[in-house]
Each structure stands twice: as structure tokens, then as C-alpha cells.
Ligand SMILES: NC(=O)c1ccc[n+]([C@@H]2O[C@H](COP(=O)([O-])OP(=O)(O)OC[C@H]3O[C@@H](n4cnc5c(N)ncnc54)[C@H](O)[C@@H]3O)[C@@H](O)[C@H]2O)c1
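Numbering (our numbering), first residue to last: -8 to 467.
Structure, rendered in C-alpha cells:
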């Protein structure tokens, strides 16, 4: 594993680090700190998750993660625990990595953060640095501070802690709250931990700054030090900006379709300008996942709550929501009637190299297909167990397949909804032989249009003049 350097056992600090929340951020972070030599307590209140980790198996798929988990359960530097109170009591630095889902009104649901703040309050048995790693709206750190300060005086420690009543700020047990937003990308989480482009820390004291700089020093990257609210806003701004790039190119993609232009060339033509850059300019069925949709909403809510018109952010969201309709229109254009058709869906995860299906555009496509009475034959290299929880197998209507070839069997169309590398490398001749009709709708612009047409497919993609070309071809 290239990302992981070998280190001698023993930790750089005497006291362990506690990481609260063993999810997509917490687990890679905890294992990263263990690899850097720290003793890490990885706490989660979901008992099954901890039991699962203790068996030595990762709870979700992330490249290189299983190897690190095995290594640091064996080294003893990573200890999963369901005793969140005891983990907080034992640590000096506590990283908060719990979820911040979206509420109905678009605001961030901060109940997990609040609950953790109270856990920290009742275990404040000495100076602690509370590091907010979860993505939260600006001013959340202030609320965490207030909550810890308030509850530290009133709550008693839980069983398993040192048995002393938490002292609270007034009687000497000090704490700092810092903001340290996480920028990892699922599918590259371990790599991102060891090779960050930057680390952002929002702090209010030299002690907090020093502790975080010491922890992150081995990673050798620029550290941006700010106040708390600025640090919190950096994370939301980063995600909103990346979402904006995606929606921008998706809108251009629709114009390309209308005028017969090629969005991939537009992206290349503008991306070579270093002020624009190439990344996040892939047209397709839009962004999903646990972060972009909810973080965009949360920032929009924050802006409007403070009287700042959310114009751009709202437009970014609107374009994204329309992507599935644009895609379904292409499929209807290709097949006319969807009812009773068999559609092979390649890709269920919200992006490649993960089994995460949260807010996955692929699942929105599945939902639309089922609504229109089509039967779906589903395949994803990693995300099928998760998808089965949402769409259970129903033979003849919802079939999970062991390979893309099996999914293509008898299909009236194949659709690509996640850009797994595996799909690019398929033997498309073999795929075609298995299909009833050679219609291919590439929602991720993964394949080469002329190669696919030469191979005999009726091929449609996003913003690469496909409708135009298909019409021209059929007019001949
Ligand atoms: N997933 C990503 O790619 C990513 C990237 C950057 C930032 N973030 C942010 O990081 C945060 C966590 O995201 P995630 O994807 O890891 O979420 P997740 O749902 O995968 O994990 C959250 C974990 O916190 C645990 N938890 C909840 N309440 C708890 C409590 N009181 N004590 C202990 N554990 C508790 C849950 O059981 C769960 O295991 C969110 O704010 C998210 O926006 C996520």
C-alpha cells in the first residue's frame, strides 16, 4: 500500500486520541492516526458497528482500509469501543466525526453533535481539546463550547469513567474547541489522509493550535490557521464550489445536446485554463453522496437565514435535481416505451471505489425506471449489499446480478450510472450479444462514442451530441 508508511510501534503522545463516530470519516481518520503512531480509541454508540470492527472486518469498502484495520488491531494502536464516555475520559484530544444529516427544511441536523458535546461535558476530567471534524454550519463550534460549558457543571460522569464528578470550566477543567474540517473523498479516504492538499484548523488558543500542529506535522502540507467560524465556512464553501462546477458543466452539457456540440471538448477547452482547471468538469447524471447535496442545502439555509440571497446555490441545486429527468428523457427517446422493458443498470454507488449509496443518482434512476414499469437488472462491484436494503430482490422486477454480463442478459438497454473503471474495460461485443436490443445510455460519459457506435450500439451519452448523432444516423 503506497499511502502507508511503516512506523515503529509506540505513540507520539502518552494519552490516546479519541475519535467519536466510526463512519466514513471517523474510521479512516482513526486508522490514519494509528499509522502515525498514536494510540487511538475509536468510539461509536452503534454497538453492531463496534462488534463488527472487533471481528477485524471493515464496516464499509474503502481502498487500503482493511489492510490498515488488520494492522492496527494487531498492533493494539487502534481500539474500537462502544463506551463513548470512557473514550472521552481517557483522551486529551477528542475528534468529533459524527453525522450531520439534513433536516426537512434543508438545515443541518446537529443532534448528534449536541449529544456528543454533552458526553464530553460529563467526562471533562482535565484539559481537553475538542476537534470538530464533522461538516457543520458556521457558529456550531460556539454552540459546542456553550453546551460543554453548561453541561459540565450539571452532568455526572457515566459508569466506566474515573468516577469523579466533572468539574466544569469554573472549577478548573478547561477545554478548547477547534474546527478541523475533513476534505477526504470517499474511495480515496486513506490516500487523502496521508496526502492532504491542505489542513484547515480553526482555533482560539495557542495550546489548541500547538496540539493540532503537532498531530498533523508528519503529513507535511500547508496548514491554514483561522478562527472557528472561518474554518467551518471553508468546508461548506469548498463543497459548494465543487458542486457549482459540476452543475455548471451539466448545464453546458444540455446546451451541447441541443446544438450538437461536444461537452467533453468544451471541458477540455476551458479546463486547460489554469484559472478553471480540469477537475469536476465531467458532465453526467449529477452529484450525490453524503456530502455535496446536504452541504449545499445547509449553506443555502445558513445564507438565507442571515438574509444573504442564495441565488447561485439554489441554481446549482436545481440543475442537479434535473439531471435524472434529462437522463430519463434520453432513455425514453431511445426506447420510446419503458414499461415492460428490461434495463441493465451498471453502477449503484454514488461514485466509484465506494459502496456508499447515500443520495446516489444511480438509485434515483432505478426509482424512475421502476415507477415507469421497467424491470431492472442491477450490478455494482461493491454497492449491491447496501442497495438490497433499499430495493430488495424481486425476481423479474428487481434482479441483482453477479456481473455486468449477467445484467445485460435479455436487456433492452444498458445504462451506465456509476463510472467504475471495470465498466470501461468490459468486452462490449460480449455485452451486446447478451442483450435483446443494443441500446446503451451512458450517464457518465465513460465510453468513447464513436467506438461504441462502430461496435454496433445505439449509443447515447450526456452532452456529446448524442441525440443529434442518433437522429442523423436514423435519418440516413
Ligand atoms: N463521507 C464523506 O465523504 C465526508 C467527507 C468529509 C466530511 N464529512 C462529514 O463528516 C461527518 C461524518 O460523516 P460520515 O460520512 O463519516 O457519517 P457516517 O454516518 O458514516 O458516520 C457517523 C458515525 O457517527 C456515529 N455516531 C452518531 N452519534 C454518535 C455518538 N453520540 N457517539 C458516538 N458515535 C456516534 C454513527 O453511529 C456513525 O457510525 C459529517 O458531518 C459529514 O458531512 C463526510
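Note that CB positions come from ideal geometry on N, CA and C, so glycine has one too.
Here the structure is a predicted model, which means the values were calculated and not measured.
On the CB-based measure, 16 or more other CB atoms within 10 Å of its CB, does residue i come out buried or exposed?
{"i": "residue 232", "result": "exposed"}
{"i": "residue 268", "result": "exposed"}
{"i": "residue 30", "result": "buried"}
{"i": "residue 70", "result": "buried"}
{"i": "residue 32", "result": "buried"}
{"i": "residue 316", "result": "exposed"}
{"i": "residue 256", "result": "exposed"}
{"i": "residue 362", "result": "exposed"}
{"i": "residue 218", "result": "exposed"}
{"i": "residue 442", "result": "exposed"}
{"i": "residue 162", "result": "Its pLDDT being 41, under 50, residue 162 is placed unreliably in this model, and the value from its coordinates should be taken loosely. Label assigned to residue 162: exposed."}
{"i": "residue 177", "result": "buried"}
Are there any heavy atoms of ligand 1 lying less than 6 Å away from the beta-carbon of residue i, as far as the coordinates show?
{"i": "residue 346", "result": "no"}
{"i": "residue 90", "result": "yes"}
{"i": "residue 130", "result": "no"}
{"i": "residue 222", "result": "no"}
{"i": "residue 450", "result": "no"}
{"i": "residue 102", "result": "no"}
{"i": "residue 177", "result": "yes"}
{"i": "residue 11", "result": "yes"}
{"i": "residue 126", "result": "yes"}
{"i": "residue 207", "result": "no"}
{"i": "residue 55", "result": "no"}
{"i": "residue 58", "result": "no"}
{"i": "residue 122", "result": "no"}
{"i": "residue 43", "result": "no"}
{"i": "residue 173", "result": "yes"}
{"i": "residue 453", "result": "no"}
{"i": "residue 168", "result": "no"}
{"i": "residue 227", "result": "no"}
Ordered along the chain, which non-local residues of its own chain (more than five positions away) have a Cβ less than 6 Å from that of residue i?
{"i": "residue 224", "result": "129"}
{"i": "residue 93", "result": "285, 288"}
{"i": "residue 123", "result": "87, 132, 170"}
{"i": "residue 374", "result": "339, 340, 346, 348"}
{"i": "residue 194", "result": "169, 200"}
{"i": "residue 422", "result": "399"}
{"i": "residue 392", "result": "368, 370, 398"}
{"i": "residue 42", "result": "none"}
{"i": "residue 426", "result": "399, 402"}
{"i": "residue 13", "result": "33, 35, 40"}
Rounded to whole angstroms, what is the Cα-Cα separation between residue i and residue j?
{"i": "residue 303", "j": "residue 364", "result": "36 Å"}
{"i": "residue 228", "j": "residue 63", "result": "34 Å"}
{"i": "residue 335", "j": "residue 407", "result": "9 Å"}
{"i": "residue 103", "j": "residue 91", "result": "7 Å"}
{"i": "residue 379", "j": "residue 51", "result": "15 Å"}
{"i": "residue 18", "j": "residue 82", "result": "17 Å"}
{"i": "residue 48", "j": "residue 61", "result": "8 Å"}
{"i": "residue 153", "j": "residue 80", "result": "Summary for residue 153: the model assigns pLDDT 38, below 50, so the residue's position carries little reliability, and this model does not support an answer."}
{"i": "residue 22", "j": "residue 240", "result": "36 Å"}
{"i": "residue 262", "j": "residue 452", "result": "20 Å"}
{"i": "residue 403", "j": "residue 414", "result": "18 Å"}
{"i": "residue 276", "j": "residue 353", "result": "8 Å"}
{"i": "residue 272", "j": "residue 248", "result": "16 Å"}
{"i": "residue 118", "j": "residue 44", "result": "29 Å"}
{"i": "residue 260", "j": "residue 433", "result": "22 Å"}
{"i": "residue 10", "j": "residue 120", "result": "12 Å"}
{"i": "residue 250", "j": "residue 337", "result": "28 Å"}
{"i": "residue 222", "j": "residue 401", "result": "53 Å"}
{"i": "residue 258", "j": "residue 182", "result": "26 Å"}
{"i": "residue 450", "j": "residue 444", "result": "6 Å"}
{"i": "residue 84", "j": "residue 115", "result": "11 Å"}
{"i": "residue 342", "j": "residue 410", "result": "7 Å"}
{"i": "residue 198", "j": "residue 59", "result": "30 Å"}
{"i": "residue 46", "j": "residue 137", "result": "38 Å"}
{"i": "residue 418", "j": "residue 333", "result": "20 Å"}
{"i": "residue 437", "j": "residue 455", "result": "11 Å"}
Can you list, in chain order, the residues of its chain whose CB lies under 8 Å from that of residue i, leaving out five sequence neighbours each side?
{"i": "residue 291", "result": "97, 301, 304, 305, 308"}
{"i": "residue 36", "result": "73, 75"}
In chain order, what residues of the same chain lie with their CB nearer than 7 Å to the CB of residue i, ignoring the 5 residues before and after it?
{"i": "residue 212", "result": "187, 188, 189, 190"}
{"i": "residue 101", "result": "91, 127, 131"}
{"i": "residue 310", "result": "238, 241, 242"}
{"i": "residue 469", "result": "Coverage of the chain is limited to positions -8 through 467, which leaves residue 469 absent and any answer about it impossible."}
{"i": "residue 157", "result": "Residue placement at residue 157 cannot be trusted, given a pLDDT of 39 that sits under 50; the coordinates are not used to answer."}
{"i": "residue 279", "result": "341, 350, 351, 352"}
{"i": "residue 429", "result": "423, 447, 448, 449"}
{"i": "residue 105", "result": "138"}
For chain C, find out if any of its Cβ atoms is closer than 7 Å to the Cβ of residue i; answer yes or no.
{"i": "residue 84", "result": "Any reference to chain C falls outside this structure, which holds one protein chain only."}
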